[in-house]
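Step one of this worksheet: look at the structure below.
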Amino acid sequence: MACWKTSGAILILAVVAACSARETESANVQTPDLTKVPVASSATSEPVANPETDCPVIDSRNWHAWVDVRHEDGEKSYVLKVAGQVDLPKPGYTVSLKTGPTDRMMPPGQRLIMELVEPEGMVAQVITPTDVMYSDATSFPVFSRVIVGCGEKVIAEMVDVTPME
80 MACWKTSGAI LILAVVAACS ARETESANVQ TPDLTKVPVA SSATSEPVAN
130 PETDCPVIDS RNWHAWVDVR HEDGEKSYVL KVAGQVDLPK PGYTVSLKTG
180 PTDRMMPPGQ RLIMELVEPE GMVAQVITPT DVMYSDATSF PVFSRVIVGC
230 GEKVIAEMVD VTPME
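Below, the structure written as C-alpha cells:
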C-alpha cells in the first residue's frame, strides 16, 4: 500500500509540475498591443473618386448627333455636333465632352468622353438637369455611331449620324 501512496504522490507532483510549467509558458507569451497596429488610411478617410470609373450622372436624355456641312471657298468642311441632357446629383458641375478614339470602320464610329468637375464648397444636394454640348471639326461626313461615355458607363449611343446641310 505504501507503494500506491508513493506512486499516487509522484503522479500528483507530476501533474502539478506540468500545470505550473504551462502557466509559466503562457505567462511568457506576449499579446500584441492592438492600439499600435497600423490602420489602412482608406478606413479613416473619405473614398477618393476615380474619374476613369466613377460617374455621377444619374440619368440622361434627349441626345442628338449630326454633322454640320460648311461650304467655305468652294470646299466642304464638316463639324460633328452632339447635344443632350444629364441629371447630376447637385448644381454647379462643369461638364464637357472630349474627343475619344475613332474606330476604323467605314463609316467610322466616334467615342466622346464626358468630363465632369465637381463644384467646390457646400452645394445643395438636388438632382439637377444639365445641358451637354459638343462641337468639333472632323474629316468624316458620316458616322456609323457616336458613343458618349462617362467613367465606365455608356451614357448615350446615336447611330447613323448623317450630315445636315
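Per this note's numbering, the very first residue in the sequence shown carries number 80; after that it's consecutive.
From the three backbone atoms N, C-alpha and C, an ideal C-beta is built for every residue, glycine too.
Flag this pair as yes or no: are the beta carbons of residue i and residue j separated by less than 8 Å?
i	j	result
P168	A203	no
V158	D210	no
M212	D147	no
G188	S223	yes
P208	D166	yes
Relative to the C-alpha of residue i, which residue among the options is closest?
i	options	result
E236	I226, G230, P242	I226
M201	E194, T181, Y172, D166	Y172
M184	M193, E194, V221	V221
L176	D166, E194, E199	E194
Evaluate residue i with the Cβ neighbour count: other Cβ atoms within 10 Å of its Cβ, from every protein chain shown; 16 or more gives buried, anything less gives exposed.
i	result
G153	exposed
V240	buried
G163	buried
V233	exposed
What distance in whole Å lies between the Cβ atoms of residue j and residue i, which are believed to be in contact at a cut-off of 8 Å?
i	j	result
W142	K160	12 Å between Cβ atoms; not a contact.
L191	T178	7 Å
In chain order, what are the residue ranges of uninterrupted beta strand (DSSP E) at least 3 long that sit wholly in the stretch 158-208?
Annotation: the stretch 158-208 contains the following complete segments of the beta strand (DSSP E) (minimum length 3 residues), in chain order: 173-181, 188-196.
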